[in-house]
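A.B. asks: Those protein sequences? They're chains A and B, same order as listed. Just so we're aligned: 187 in the numbering used here is position 118 of the first sequence, and the numbers increase by one with no gaps anywhere. Just so we're aligned: 25 in the numbering used here is position 24 of the second sequence, and the numbers increase by one with no gaps anywhere. The beta-carbon is built from N, C-alpha and C at its ideal position, and this holds for glycine as well. Since the structure is predicted, the reported quantities are computational estimates derived from the model, not experimental observations.
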Amino acid sequence: MFCTIYKWLISQATNSGKPLSGRLLRHTHRCSSCHEFAQFCGSLKTKLAQDKQDILYDHDKVLDQKVISAVHKELTSIPGRQAEPRKKTALRPALVPILAAAFLILAVSMSIIFLTVPRSEKEISLGRISELVSTASPEDILGKLESPLEREYLELKQTLDSTTKFLLSSFNYHIGQQAE
Amino acid sequence: MNTASPIKILSDEELALKVARGSLPSFEELVSRYSSRLFYFLRHRTETDQDIEDLVQETFLKAFKGIKSFNPECKFSTWLYTIAVRQAISRYRTNKKRKARPKALPRIPDPEEIVIQKEESKNLWRLASNLPKKEFEALWLHYSEDMPVKEIAKITKKKPITVRVLLHRARLNLARKIDQSAFSGQLAGTTPVKHKFSVL
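Quick look at the structure:
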């Protein structure tokens, strides 16, 4: 009744190469079927090793030669593949002048755009700041960053001076001098 | 005086390392060691001898191309058999897509074939070749290549318990086949062998 289980255990002991346990041995002594199976499993390795040589394929090394020649072919094909020049994608003769004209038009229009359109103020100031940061000391940077105010002050002063000159010339009025 | 070539005494793993460094004679030695073993192992995977030869060739080519990826700490046989199994599967899939073969009709063997079969049945591997494919492969890898259950599981992409079951079934079925062949021999009066596995 439990022979199926015992045979499974015999098989597992054969897999691991361990000897049969005491319980298994006791059972195999009593059960002829399990005893025969245990004997069969025990002798299987030797028997199969003996029979292996008879069945192994031998066509006077034909297969070996085939494999080796295939490898040789593979080896010779690899450098050939590398040496093979890459195919140039030749331009059609009719396309050459068209492409040249297109390129010329593109170059002219790009140069016109570049020359006529001024760069934005922001871009310029950012450029200056980055220049300053990379070259000058912190005091210089502060001084130069304050310069727009100074410039404004100078402009206002210039305006005031010119206004004063204008008024003086127009009214011919000298402050602090008596009229003759 | 020992006349054996130095290549002959090297292990498979050492040879594989030499092949990775560009030694072609080492590869030839590996081919001579494994080609027939692979041929017999792959017999169940294809139909004709030509197909098996092609498969063996493809396996070796693949191994040659990828020899640099071989880890010498692992067994070379495990690595090679894994490639072989994968190649066989991929070939099977390609062939399946290409054509659906009609099932061959069962053929009645002539008397000469019966005699040859009986002679062949004395060889356990020939008897084992009639086992189901998975059982035969597990048996081959375990007994012919001396692989433990874990490695067989790795090659065949199965769980170790599945491999154990396959090996167990293979042993039971092989024992049955021996029993049957002995019984048929008795009937024919050619080999009076004791009917051993009648209760299996």
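Starting from residue 137(A), find everything on chain B with Cβ-Cβ shorter than 7 Å and list it in chain order.
C.D. replies: In the first sequence, the residue the question calls residue 137(A) occupies position 68. In chain order: 29 and 32.
A.B. asks: Does any residue of chain A have a CB that is nearer than 9 Å to the CB of residue 124(B)?
C.D. replies: Translated into the one-based positions of the second sequence, residue 124(B) becomes position 123. True, the Cβ-Cβ gap to chain A drops below 9 Å.
A.B. asks: By alpha-carbon positions, which one of 29(B), 177(B), 181(B) and 49(B) ends up nearest to residue 136(A)?
C.D. replies: As a working mapping, residue 136(A) is identified with position 67 in the first sequence. Nearest option by C-alpha distance: 29(B).
A.B. asks: Residue 76(B) lies in the alpha helix (DSSP H); which residues open and close that run?
C.D. replies: Translated into the one-based positions of the second sequence, residue 76(B) becomes position 75. That residue, residue 76(B), is in no alpha helix (DSSP H); it is neither H nor E in DSSP.
A.B. asks: Leaving out five residues on either side along the sequence, give the residues of the same chain with a beta carbon under 6 Å from the beta carbon of residue 124(B).
C.D. replies: Residue 124(B) sits at position 123 when you count from the first residue of the second sequence. None.
A.B. asks: Comparing C-alpha positions only, which one of 58(B), 60(B), 51(B) and 76(B) sits nearest to residue 18(B)?
C.D. replies: Translated into positions along the second sequence, residue 18(B) becomes position 17. When only C-alpha atoms are compared, the closest one is 76(B).
A.B. asks: Buried or exposed: which applies to residue 196(B), given that a residue is buried once 16 or more other Cβ atoms fall within 10 Å of its Cβ?
C.D. replies: Counting from 1 along the second sequence, the entry for residue 196(B) is found at position 195. Because residue 196(B) carries a pLDDT of 42, less than 50, the predicted location of this residue cannot be relied on, and no value is offered for it.
A.B. asks: For residue 237(A), verify whether its CB is less than 8 Å away from any heavy atom of the ligand MN.
C.D. replies: This structure lacks the ligand MN, and indeed carries no ligand of any kind.
A.B. asks: Output needed in chain order: residues of the region 47-69 of chain B with a Cβ under 7 Å from some Cβ in chain A.
C.D. replies: 54, 57, 58, 61, 62 and 65
A.B. asks: How would you write the range of the alpha helix (DSSP H) that residue 143(B) sits in, first residue to last?
C.D. replies: The residue you call residue 143(B) lines up with position 142 of the second sequence. Where residue 143(B) is concerned, there is no enclosing alpha helix (DSSP H), because DSSP gives it neither an H nor an E.
A.B. asks: Take the Cβ of residue 98(A) as the centre, count every other Cβ of all protein chains shown within 10 Å, and call the residue buried at 16 or more, exposed below.
C.D. replies: Residue 98(A) sits at position 29 when you count from the first residue of the first sequence. Result: exposed.
A.B. asks: I think residue 8(B) touches residue 16(B), with their Cβ atoms under 8 Å apart; what is that distance to the nearest whole Å?
C.D. replies: By 1-based counting over the second sequence, the position of residue 8(B) is 7. By 1-based counting over the second sequence, the position of residue 16(B) is 15. Yes, residue 8(B) and residue 16(B) are in contact; Cβ-Cβ is about 7 Å, under 8 Å.
A.B. asks: Assuming residue 90(B) and residue 63(B) are in contact, meaning their beta carbons sit under 8 Å apart, how far apart are those beta carbons, in whole angstroms?
C.D. replies: Stepping through the second sequence from its first residue, residue 90(B) is reached at position 89. Stepping through the second sequence from its first residue, residue 63(B) is reached at position 62. Wrong, their Cβ atoms sit about 13 Å apart, outside the cutoff.
A.B. asks: Cα-Cα, which of 82(B), 182(B) and 172(B) is closest to residue 112(A)?
C.D. replies: Along the first sequence, one-based indexing puts residue 112(A) at 43. Residue 112(A) has its Cα closest to that of 172(B), out of 82(B), 182(B) and 172(B).
A.B. asks: What are the boundary residues of the alpha helix (DSSP H) that residue 42(A) is part of?
C.D. replies: The requested residue 42(A) is not part of the displayed model; chain A covers only 70 to 249.
A.B. asks: When you compare the CB of residue 1(B) with every CB in chain A, is at least one pair closer than 9 Å?
C.D. replies: Since the first residue of chain B shown is 2 and the last is 201, residue 1(B) is not available in this structure.
A.B. asks: Please confirm whether residue 170(B) and residue 150(B) have their CB atoms less than 9 Å apart.
C.D. replies: As a working mapping, residue 170(B) is identified with position 169 in the second sequence. As a working mapping, residue 150(B) is identified with position 149 in the second sequence. No, these two residues do not count as a Cβ contact at 9 Å.
A.B. asks: Using the beta-carbon count (16 or more within 10 Å), is residue 137(B) buried or exposed?
C.D. replies: The count along the second sequence starts at 1 and reaches residue 137(B) at position 136. It is buried - the Cβ of residue 137(B) has at least 16 other Cβ atoms within 10 Å.
A.B. asks: Using the Cβ count rule (16 or more neighbours within 10 Å means buried), how would you classify residue 181(A)?
C.D. replies: In the first sequence, counting from the first residue as 1, residue 181(A) sits at position 112. Per the 10 Å Cβ criterion, exposed.
A.B. asks: Rounded to whole angstroms, what's the CA-CA distance from residue 151(A) to residue 66(B)? Just pull it up for me.
C.D. replies: Here the question's residue 151(A) lines up with position 82 in the first sequence. Here the question's residue 66(B) lines up with position 65 in the second sequence. Low confidence applies to residue 151(A): its pLDDT is 43, below 50, so where it sits in the model is not reliable enough to give any reading.
A.B. asks: From residue 81(A) to residue 179(B), what does the alpha carbon distance come to, in whole angstroms?
C.D. replies: Stepping through the first sequence from its first residue, residue 81(A) is reached at position 12. Stepping through the second sequence from its first residue, residue 179(B) is reached at position 178. For residue 81(A) and residue 179(B), the distance between alpha carbons rounds to 21 Å.
A.B. asks: What is the DSSP secondary structure of residue 47(B), reduced to helix, strand or coil?
C.D. replies: Working through the second sequence from its first residue, we reach residue 47(B) at position 46. Coil at residue 47(B), not helix or strand.
A.B. asks: Might you give, ordered along the chain, the residues of its own chain that have their beta carbon closer than 8 Å to the beta carbon of residue 100(A), omitting 5 neighbours on each side?
C.D. replies: Taking the first sequence and counting its residues from 1, one reaches residue 100(A) at position 31. So the list reads 72 and 75, once near-sequence residues are dropped.
A.B. asks: Since I believe residue 93(B) is in contact with residue 46(B) (beta carbons under 8 Å), could you give me their beta-carbon distance rounded to a whole number of angstroms?
C.D. replies: Here residue 46(B) refers to the residue found at position 45 when the second sequence is read from its first residue. Here residue 93(B) refers to the residue found at position 92 when the second sequence is read from its first residue. That belief holds up - the Cβ atoms of residue 46(B) and residue 93(B) are roughly 7 Å apart, short of 8 Å.
A.B. asks: Going by beta carbon distance, what residues of the same chain come within less than 8 Å of residue 79(A), once the five residues before and after it are set aside?
C.D. replies: Within the first sequence, numbered from 1, the residue matching residue 79(A) stands at position 10. Contacts found: 89, 93, 97, 103, 106, 107 and 110.
A.B. asks: Please return the same chain residues whose Cβ sits closer than 7 Å to the Cβ of residue 168(B), not counting the five positions on each side in sequence.
C.D. replies: Within the second sequence, numbered from 1, the residue matching residue 168(B) stands at position 167. Result list for residue 168(B): 139, 140 and 143, in chain order.
A.B. asks: Smallest Cα separation from residue 80(B): which of 97(B), 61(B) and 95(B)?
C.D. replies: Mapped onto the second sequence, residue 80(B) falls at position 79. The shortest Cα separation from residue 80(B) among 97(B), 61(B) and 95(B) belongs to 61(B).
A.B. asks: State the Cα-Cα distance for the pair residue 175(B) and residue 31(B), rounded to the nearest angstrom.
C.D. replies: Here residue 175(B) refers to the residue found at position 174 when the second sequence is read from its first residue. Here residue 31(B) refers to the residue found at position 30 when the second sequence is read from its first residue. Residue 175(B) and residue 31(B): Cα-Cα distance of roughly 31 Å.
A.B. asks: Is residue 83(A) buried or exposed, if buried means 16 or more other CB atoms sit within 10 Å of its CB?
C.D. replies: Stepping through the first sequence from its first residue, residue 83(A) is reached at position 14. So residue 83(A) ends up on the buried side.
A.B. asks: Starting from residue 116(A), find everything on chain B with Cβ-Cβ shorter than 8 Å and list it in chain order.
C.D. replies: Position 47 of the first sequence, counted from the first residue, corresponds to residue 116(A). In chain order: 125.
A.B. asks: Any C-beta of chain B sitting closer than 9 Å to the C-beta of residue 83(A)?
C.D. replies: Position 14 of the first sequence, counted from the first residue, corresponds to residue 83(A). Chain B, which has a Cβ nearer than 9 Å to the Cβ of residue 83(A), makes this yes.
A.B. asks: Report yes if the CB atom of residue 114(A) is closer than 9 Å to the CB atom of residue 126(B), and no otherwise.
C.D. replies: Here residue 114(A) refers to the residue found at position 45 of the first sequence. Here residue 126(B) refers to the residue found at position 125 of the second sequence. Result no, Cβ atoms of residue 114(A) and residue 126(B) do not sit closer than 9 Å.
A.B. asks: From residue 128(B) to residue 52(B), what does the alpha carbon distance come to, in whole angstroms?
C.D. replies: Within the second sequence, residue 128(B) is the residue found at index 127, counting from 1. Within the second sequence, residue 52(B) is the residue found at index 51, counting from 1. Approximately 22 Å between the Cα atoms of the pair.
A.B. asks: With residue 20(B) and residue 12(B) assumed to form a contact (beta carbons below 8 Å), what rounded beta-carbon distance in angstroms separates them?
C.D. replies: If you number the second sequence from 1, residue 20(B) lands on position 19. If you number the second sequence from 1, residue 12(B) lands on position 11. Residue 20(B) to residue 12(B), Cβ: 13 Å. No contact.
A.B. asks: Does residue 22(B) come within less than 9 Å of chain A when only Cβ atoms are used?
C.D. replies: For the purposes of this step, residue 22(B) is identified with residue 21 of the second sequence, where counting begins at 1. Chain A, which has no Cβ nearer than 9 Å to the Cβ of residue 22(B), makes this no.
A.B. asks: Given that a residue counts as buried once 16 or more other Cβ atoms are within 10 Å of its Cβ, and exposed if not, what is residue 41(B)?
C.D. replies: Stepping through the second sequence from its first residue, residue 41(B) is reached at position 40. Label assigned to residue 41(B): buried.
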